[in-house]
Amino acid sequence: MNGKQLIELFKEGVNEGITSGQGNLKIKGTLLIHYNTTIAERYENHLILNMTRYSIITGRIQNDIKGAFDGMEILVITNVIQGYDGLLSEYSGVINGKV
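Residue 1 is where the sequence shown starts when you use the working numbering, and the numbers rise one by one after that.
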């Protein structure tokens with residue numbers, strides 16, 4: 001399964017999944033994790049999206065997530081430390097607003 005397919009499953013509410021190959025993108029409950037960092041969280045009726053820049057590949061995944069969730073309320077959070085794999089809704093960063 002590729003990243004875009006996994007993002008679609010995440011959008012549909014699936015709570016477990018991993019990409020083929022090295023498995024760097026995975027669903028863990030309400031979280032979408034790239035390597036060891038939470039990139040997105042399904043939270044109540046919206047999505048919290050970590051838009052902190054880590055790499056070009058992570059940036060592509062973040063943009064794929066934004067595209068997949070187009071039309072849904074997306075809250076953006078930045079300044080998330082690399083390796084944080086917890087809930088974005090509980091992270092001490094600042095939610096910057098809607099996309």
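C-beta atoms are modelled at their ideal positions from N, C-alpha and C, and glycine is treated no differently.
Quick test of your reading: Ile-61 and Leu-25, contact by CB under 8 Å. State the CB separation rounded to the nearest angstrom. Right, their Cβ atoms sit about 7 Å apart.
I think Met-72 touches His-34, with their Cβ atoms under 8 Å apart; what is that distance to the nearest whole Å? Not really, about 20 Å apart at Cβ, beyond 8 Å.
How many Å lie between Thr-80 and Gly-86 at the Cα? The displayed chain sequence assigns Val, not Thr, to residue 80. Taking the straight line from one Cα to the other gives about 10 Å.
Do you know whose CA, among Arg-42, Tyr-54, Glu-90, lies nearest Asn-36's CA? Tyr-54
Using 8 Å for Cβ pairs, my map puts Leu-31 next to Gly-17. What's the rounded Cβ distance? With 8 Å as the limit, Leu-31 and Gly-17 do not qualify as a contact, their Cβ atoms being about 11 Å apart.
Can you tell me where the alpha helix (DSSP H) holding Gly-3 begins and where it ends? 3–11
For Asn-24, the residue or residues it bridges with in DSSP: Beta-bridge pairing links Asn-24 to no other residue.
Backbone CA spacing between Ile-48 and Gly-21 [nearest angstrom]: 27 Å
Where the beta strand (DSSP E) through Gly-101 begins and ends: Absent from the model: residue 101. The displayed extent of the chain is 1 to 99, so no value can be given.
Where Arg-60 sits in the DSSP three-state scheme: helix
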